[in-house]
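Beneath this line is the structure, given in structure tokens, with notes to follow.
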Ligand SMILES: [Zn+2]
């Protein structure tokens with residue numbers, strides 16, 4: 258069998274398997290979810306039977322962001338940071354009997370996580386959908402029919418250095434951590450503008466040099482008068 262015949266045979270065999278997939282029902286909500294494990298468990302024995310090996314051949318991160326959202330509960334506003342990763346995965350199905358023969362399918366996935374598991378979630382999601390799309394597995398889990406939880410995300414405010422345009426970030430000193438906001442307050446207080454840590458340092462150094470320049474200028478002036 259060539260790779261197309263193999264994938265077609267697996268697709269046909271899977272139609273019966275798909276119906277028996279465990280579907281989770283959360284409370285009264287009609288949301289149905291089929292886990293990546295369910296899909297892999299269904300696909301694996303059939304791929305082994307027909308001699309197909311599938312794996313994510315290439316991945317690339319399309320977007321990686323730190324997002325902030327605010328939620329108000331009992332009048333208290335809470336800020337939450339969330340990591341969002343959007344990836345592209347090229348999933349390859351190889352004919353084990355003729356390894357130069359393969360089919361690739363591309364899936365896009367997003368992972369959102371309050372810790373740093375955003376990319377892991379995105380990969381799991383991408384692999385699951387690659388298998389589902391390639392083998393035409395229908396689980397009744399239609400993302401278009403399921404309302405996503407609505408959270409308003411926004412990118413955190415970025416602060417640009419008035420001098421070089423770089424993002425102003427927090428940093429650590431021997432006395433502790435200085436947040437971007439604290440650094441900006443310090444910079445505005447001293448120089449009347451937002452400077453990044455590097456430009457701030459240079460500005461402070463320039464200020465120190467200034468008296469010397471003035472002294473040099475005064476000496477020049479005295480010399481001129483002496484002449
Ligand atoms: Zn700067």
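In our numbering, the protein residues as written are 258 to 484.
We treat Cβ as the ideally placed atom computed from N, Cα and C, and that holds for glycine.
Straight-line spacing of the CA atoms in residue 314 and residue 320 works out to 19 Å.
Pairing residue 390 with residue 430 gives a Cβ-Cβ distance that is not under 7 Å. Counting the other CB atoms within 10 Å of its CB gives residue 368 a total of 16 or more, which places it among the buried residues.
Annotation: the continuous beta strand (DSSP E) that includes residue 317 extends over 309-330. Excluding the 5 residues flanking it on each side, residue 360 has same chain C-beta neighbours closer than 8 Å at 260, 261, 264, 349, 350 and 391, in chain order. Every residue whose beta carbon comes nearer than 6 Å to a heavy atom of ligand 1 appears here in chain order: 418, 420, 421, 423, 452, 453, 455 and 456. The Cβ-Cβ distance between residue 341 and residue 375 falls below 7 Å.
Using a Cβ distance threshold of 7 Å, residue 383 and residue 366 count as a contacting pair. For residue 446, DSSP records no beta bridge to any residue. Only residues of its own chain outside the window of five on either side were considered, and among them 325 and 327 have a CB closer than 7 Å to the CB of residue 336, listed in chain order.
Residue 426 counts as exposed, since fewer than 16 other beta carbons sit within 10 angstroms of its beta carbon. The three-state reading of DSSP puts residue 360 in strand, counting E and B together. Put simply, the backbone Cα of residue 311 is about 30 Å away from that of residue 322.
Straight-line spacing of the CA atoms in residue 381 and residue 294 works out to 10 Å. About 5 Å separates the CB atoms of residue 451 and residue 441; that is less than 8 Å, so the two are in contact. Residue 433: member of the beta strand (DSSP E) spanning 433-435, first to last residue.
Close CB contacts of residue 309 within its chain, under the 6 Å cut and outside five residues either way in sequence, are with 263 and 350 (chain order).
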